[in-house]
Amino acid sequence: MPTPRIIVLRAPGSNCDQEAAFAFETAGGKAEITHLNRALENPKILAAAQILCIPGGFSYGDDMSAGRVFGNQIRHHLAGALQDFKAAGKLILGICNGFQILIKSGVLLPDWADEPIATLTNNDSGKFECRWINLAVEGSKCVFLQGIERLYVPIAHAEGKFVARDEGTLDALERGGQLCLRYCDETAESGSFFTVS
């Protein structure tokens, strides 16, 4: 099997890019840390990769909201390249701020309307949450979660509440297998979820 090529896409304020690249290399991939400006100058560089990873951090200082500036750069300048990337069946992973970026860009959502159909917003607690939490893996198409039922992971965010445009959108995302993780307690069975955010 050929060695998969991974682009770890970073911008000012990104961190954990070295750790993400190391993890991919340890798993047998060939990771390249690439600054967003390189991709903006030449979106075709994305086509050579099989996996795109956007790591965590506080991209662009999380000005306006977490991941908004980086997400807008993707939405307005890399949409075509990422549509092609998705259409080719390649993998996209967002870690922490990277996930916020992908949601706010619209990349992970089924249609690229004028505005994203979902976002991540301020936690219900009204504060930055930094602790270990349990996640239940829902039936989803996510290859990164295949064979996993539950996760115990650290979180660190002020904007971790997933909000869809309306109930119909949320239902469609669920039916489409695009809601792959839910906050839960340590003994949760399906349906006994609670809000961490």
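The opening residue of the sequence shown carries number 684 in this note's numbering; numbering runs sequentially from there.
A virtual CB, placed ideally from N, CA and C, is assigned to each residue, including glycine.
Which same chain residues end up closer than 6 Å to residue i when comparing Cβ atoms and leaving out the 5 residues on each side of it in sequence?
i: A839; result: C813
i: R848; result: I800
Are the beta-carbon atoms of residue i and residue j separated by less than 9 Å?
i: E832; j: G860; result: no
i: N780; j: G750; result: yes
i: I800; j: L785; result: no
i: K713; j: I689; result: yes
i: G944; j: N806; result: With the chain running from 684 to 880 in the structure shown, residue 944 is simply not present.
i: V691; j: T717; result: yes
i: E857; j: N817; result: no
i: P695; j: S742; result: yes
i: F630; j: A762; result: The chain is shown from 684 up to 880; residue 630 falls before or after that span and cannot be answered.
Exposed or buried, which one is residue i when buried takes at least 16 other CB atoms within 10 Å?
i: G754; result: buried
i: T802; result: buried
i: D745; result: buried
i: N720; result: exposed
i: A764; result: buried
i: Y835; result: exposed
i: A771; result: exposed
i: V752; result: buried
i: S697; result: buried
i: Q701; result: exposed
i: C808; result: According to the sequence as given, residue 808 is Ser; it is not Cys. S808 is exposed by the Cβ-count criterion.
i: F707; result: buried
i: N789; result: Correcting the residue identity first, residue 789 is Gly in this sequence and not Asn. Its Cβ being crowded by 16 or more others within 10 Å, G789 is buried.
Is residue i helix, strand or coil by DSSP?
i: R721; result: helix
i: A839; result: strand
i: V846; result: strand
i: G790; result: First, the amino acid is wrong: residue 790 is Val here, not Gly. Three-state DSSP puts V790 in coil, outside helix and strand.
i: F877; result: Because F877 carries a pLDDT of 48, less than 50, the predicted location of this residue cannot be relied on, and the following value inherits that uncertainty. Coil, per DSSP.
i: I728; result: helix
i: G696; result: coil
i: I716; result: strand
i: G777; result: strand
i: T802; result: strand
i: I831; result: coil
i: A819; result: strand
i: E869; result: coil
i: L785; result: helix
Residues in its own chain within less than 7 Å of residue i by CB, not counting five upstream and five downstream?
i: L828; result: V820, C863
i: S748; result: E842
Which residues in the same chain have their Cβ closer than 8 Å to the Cβ of residue i, if we skip the five residues on either side of it in sequence?
i: M684; result: none
i: K773; result: A732, Q733, I734, L735
i: G711; result: T686, P687
Mind the definition here: the stretch 728-737 touches the stretch 767-785 only if three or more C-beta pairs lie below 8 Å; say whether that holds. Because the criterion of three Cβ pairs below 8 Å is met, the stretch 728-737 and the stretch 767-785 touch.
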